[in-house]
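What follows is a short report on a single structure.
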Amino acid sequence: MDQKTTPSREEHPTMSVILMVIGIAIMGGSVRYTVGSFEEPGAGFLPFFTGLFITAFSAGTFCQIIKRRWRPLGDLWEGTQWQRAMIVTVCLIVYSAFLMDVGFLLATVLLMGLLLRVLARKSWKVTILASLLATLGFYLVFQIWLEAQLPSGWLGF
Amino acid sequence: MEIIYNLLFGFGVALQPNNLFMCFIGVLLGTLVGVLPGLGPVAAMSLLLPATYHVNPIGAIIMLSGIYYGAMYGGSTTSILLNIPGEAASVVTCIDGYMMARNGRPGPALSISAIGSFIGGTISIVGLMLVAPPLAEVALKFGPPEYFSLMVLGVIMLTFLAGDSMLKALCMASIGIFLGTIGMDNLSGMERFTFNISILIDGVGLVPVAMGLFGISEVLLNVELSLKRDIFKASLKGLLPNLDDLKQCFWPIIRGSVIGFFLGILPGGGAVLSSFTSYAMEKKLARHPELFGKGAIEGVAGPETANNSATGGAFIPLLTLGIPPNAVMAILLGAMLIYGMQPGPMLIKEHPQLFWGAVTSMYIGNALLLILNLPLIGIWVKILKIPYYLLFPLIILFCLVGAYSLNNNTDEIMLMVIFGAIGYFLRKFKYPLAPLVLALVLGPMLEKTLRQSLLMGAGSGWIFLSRPISLVTLLICFVLLVSSILPSIKRKRMVIRED
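Going down the list, the sequences are from chains W and A.
Take the working numbering: the final residue in the first sequence is number 166, and no numbers are missing along the way.
Take the working numbering: the final residue in the second sequence is number 1555, and no numbers are missing along the way.
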């Protein structure tokens, strides 16, 4: 790939390769559930063909992209602070892992506080106030008004 | 006579205080998400779907519908004032709407878009009311091959319009269909691709997928850029259009209403396609086409009317055939199934209060939107000043509570986060997400009708070609697929990006 000239399209073949692998894996997995025949299609019939289509379409996309010049993979994140997206994702995974134990109120205040303080870089005053207000607002609407059953956790709230 | 009786019956349902309240909330939230860039009707409806489990189903459908057509109204505000489309159907409004604002006429641009939206919305509701019941009667004669072909057409049409690469869109649609097959197979009772995860036995839920792909991924893409946004500074004076403006806009509004309604009915068509088509037509028919792109008021009136008119048309395939023509209607279909209603030819007969209540609520909603969008325009402009650092934690919180409330299970949150991350990467690599969501909803129906058709035809594909409706539908699919390969059509193909 010639990197001296500016490529015209912001594309990269990586995703099409990943999707090709996924398509092949689906086809392989479908065989376990009986593909059957056109006369008697089995449980794996449609998944098998969707796997085949995913493989074929991503192979087509791959061929289209490699015919042109493409940008280095890192360019897709050029000028961005991708770490912030990663922080949000990790926070959400941790939140869902501990929500049942910690309870909605405490877990949500902590999550909101973290997002506002670390990502938005707000002062402690704004962080605490906004986290408490947002959490309480949601609690009132969903738990009290709409009677959803939000988890109460160890502490009972 | 029967239509008047049905209309009165519908108003009786829609004017019940709780339904009226839900209609108001729907159009209010719709306008809000339309105004706020980056949060479209699909995301908003997915976010609010779990909240509607606790209200009556008719009220919930009225509210969700209100979000859809409300977003079409609100979407024009940011297009005109900031040159940022609030949602995809308002992209074309940026061209002349923003130029009008820059020329010192933001008021007439905003008001003509509200007036056009009101007229287009109202005309399309009349069309919906007149077309849906007879079409439902015809649809009763459809068998599995017709349904299968129509669903394939819906997916192909959307992939044709979804982005600059049809291969990518087809790949996304295939993934959506595959996701729709996960879970218990209805015919054999076999669990497929569940990996012993309990929430997958009933299938991959639409809500965590849509929330993840549209809500969480949007936040992830925004937080990595900047949490600051330009604030609108221009003042709004002279809101109403003058007589000349109204004269110039009369025919564009009428044409926009008709185009929007018919393109809205088409599977895969809808608001985005109709607004682009209307703009192209107005430019072609204008006495001074050279003014387009420099602030022509017809370039605002036509597309804004058309995208609202399309919302009424889009309800027709959903309510009469049970086939959602776009991602928004797919969410609505998902909602109806959750409430225990099966959209399709029998819906009008089995749930007349839902059909006529929802249709008449749209008249009320359109009137409410005119009030919300003309005198209260200043408030919407103020909302544009809400900093994103306050908005994104709230979007996340909506997603978290919504996903958890589905089954009171944190696994749903995990599923949503996974799809959020998947959506983030897919968007980075320019893969369109709408075909995936539409195909996910259609997947189980597609599989059922395909297997039924093959059994009916003893394994022969001839069954799809021997029935006229199915044959014509598949021929259209074939033409679309072939035309997407031809370079001349490929160049002309309207590229409608989700972002």
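Don't be surprised by glycine CBs; every beta carbon is placed ideally from N, CA and C.
Per DSSP, which one or two residues make a beta bridge with residue i?
i: A/Glu1247; result: A/Met1240
i: W/Gly45; result: W/Pro50
In whole angstroms, give me the CA-to-CA distance for residue i and residue j.
i: A/Leu1076; j: W/Ile31; result: 47 Å
i: A/Glu1193; j: A/Leu1064; result: 22 Å
i: A/Gly1096; j: W/Glu48; result: 43 Å
i: A/Ile1171; j: A/Ala1352; result: 16 Å
i: A/Asn1465; j: A/Gly1316; result: 41 Å
i: A/Ile1435; j: A/Val1083; result: 15 Å
i: W/Gly69; j: W/Asp110; result: 47 Å
i: A/Pro1201; j: A/Glu1058; result: 33 Å
i: A/Met1156; j: A/Ala1165; result: 7 Å
i: A/Leu1511; j: W/Gly45; result: 12 Å
i: W/Ile35; j: A/Leu1186; result: 45 Å
i: A/Leu1537; j: A/Gly1261; result: 30 Å
i: W/Thr144; j: W/Val118; result: 6 Å
i: A/Thr1108; j: W/Ala157; result: 11 Å
i: A/Leu1432; j: A/Met1207; result: 41 Å
i: A/Ile1287; j: A/Leu1322; result: With a pLDDT of 49 at A/Ile1287, under the threshold of 50, the modelled position of that residue is not reliable, and the figure given next carries that caveat. Cα-Cα distance, rounded: 38 Å.
i: A/Met1240; j: A/Ala1514; result: 24 Å
i: A/Ile1379; j: A/Ala1366; result: 16 Å
i: W/Ile33; j: A/Pro1373; result: 34 Å
i: A/Leu1558; j: A/Lys1197; result: Outside the displayed span of chain A (1057 to 1555) sits residue 1558 of chain A, for which this structure offers no information.
i: A/Ile1118; j: W/Arg77; result: 48 Å
i: W/Tyr42; j: A/Thr1250; result: 12 Å
i: A/Lys1303; j: A/Val1328; result: 26 Å
i: A/Asn1463; j: W/Ala116; result: 19 Å
i: A/Leu1104; j: A/Glu1274; result: 16 Å
i: A/Lys1484; j: A/Gly1268; result: 15 Å
i: A/Leu1214; j: A/Asn1242; result: 27 Å
i: W/Ser25; j: A/Leu1428; result: 45 Å
i: A/Tyr1203; j: A/Phe1520; result: 10 Å
i: A/Ile1478; j: W/Leu101; result: 14 Å
i: A/Tyr1124; j: W/Phe66; result: 32 Å
i: A/Pro1190; j: A/Leu1299; result: 40 Å
i: W/Leu125; j: W/Val135; result: 8 Å
In chain order, what residues of the same chain have a beta carbon less than 7 Å from the beta carbon of residue i, not counting five sequence neighbours either side?
i: W/Val127; result: Ile96
i: W/Ile75; result: Pro22
i: A/Asp1301; result: Pro1164, Ile1168 and Ile1353
i: A/Asn1460; result: The question names Asn, but residue 1460 of chain A is Tyr in the sequence shown. Correct list, in chain order: Thr1466, Glu1468 and Ile1469.
i: A/Pro1399; result: Leu1374, Leu1375, Gly1378, Leu1389 and Met1392
i: A/Leu1066; result: The sequence shown places Gly at residue 1066 of chain A, rather than the Leu named in the question. Answer for A/Gly1066: Trp1412, Gly1413, Val1415 and Thr1416, listed in chain order.
i: W/Phe58; result: none
i: A/Leu1341; result: none
i: W/Gln152; result: Leu159
Only counting the same chain, and skipping five residues up and downstream in sequence, which positions put a Cβ closer than 6 Å to that of residue i?
i: W/Ser161; result: Gly112
i: A/Asn1062; result: Trp1412
i: A/Gly1232; result: Leu1492, Ala1495 and Leu1496
i: A/Gly1068; result: none
i: A/Gly1369; result: Ser1180, Phe1317, Gly1320 and Ile1321
i: W/Phe71; result: Pro22 and Ser25
i: A/Leu1498; result: Met1207
Can you name, in chain order, every residue of its own chain whose Cβ lies under 8 Å from the Cβ of residue i, other than the five neighbours on each side?
i: A/Pro1345; result: Lys1339
i: A/Tyr1395; result: Pro1113, Ala1116 and Ile1117
i: A/Leu1450; result: none
Chain W contacts from the region 1494-1523 of chain A (Cβ-Cβ distance under 7 Å): Residues Glu1503, Leu1506, Arg1507, Leu1510, Ala1514 and Gly1515.
Within 8 Å of chain W by C-beta, residues of the region 1221-1249 of chain A in sequence order: Ser1221, Leu1223, Lys1224, Leu1226, Cys1227, Ser1230, Ile1231, Ile1233, Phe1234, Thr1237, Asp1241, Leu1243, Ser1244, Met1246, Arg1248 and Phe1249
Residues of the region 85-101 of chain W whose Cβ lies closer than 7 Å to any Cβ of chain A, in chain order: Leu85, Thr89, Gln90, Trp91, Arg93, Ala94, Val97, Thr98 and Leu101
Continuous alpha helix (DSSP H) assignments of at least 4 residues falling wholly in the region 1481-1518 of chain A: 1490-1512
Alpha helix (DSSP H) runs contained entirely in the region 1077-1128 of chain A, provided each spans 4 or more residues: 1097-1104
Cβ-based contacts, 8 Å cut-off: residues of the region 53-65 of chain W near chain A: In summary, the residues of the region 53-65 of chain W whose CB is separated from some CB of chain A by less than 8 Å are Gly53, Phe54, Leu55, Pro56, Thr59, Gly60, Phe62 and Ile63, in the order they occur in the chain.
Residues within the region 1091-1111 of chain A neighbouring chain W, beta-carbon criterion of under 7 Å: Ala1107 and His1110
Unbroken stretches of the alpha helix (DSSP H), 4 residues or longer, contained in the region 1325-1376 of chain A: 1327-1341 and 1354-1372
Interface positions of the region 1440-1454 of chain A facing chain W (Cβ-Cβ less than 9 Å), listed along the chain: Pro1443, Tyr1444, Tyr1445, Leu1446, Phe1448, Pro1449, Leu1450, Ile1452, Leu1453 and Phe1454
Contact list for the region 31-42 of chain W against chain A, Cβ threshold 7 Å: Ile35, Gly38 and Tyr42
Length-filtered (4 minimum) alpha helix (DSSP H) runs lying within the region 90-120 of chain W: 91-111
Interface residues of the region 64-84 of chain W facing chain A [CB-CB below 7 Å]: For the region 64-84 of chain W, which is checked against every Cβ of chain A, the residues closer than 7 Å are Phe66, Ser67, Gly69, Thr70 and Gln73.
Start-end ranges of the alpha helix (DSSP H) lying completely within the region 1375-1451 of chain A, minimum 4 residues: 1383-1394, 1403-1406, 1408-1429 and 1433-1439
3-residue-minimum beta strand (DSSP E) runs that sit fully inside the region 1134-1211 of chain A, ordered along the chain: none
Within 8 Å of chain W by C-beta, residues of the region 1246-1277 of chain A in sequence order: Met1246, Arg1248, Phe1249, Ile1272, Val1275, Leu1276 and Leu1277
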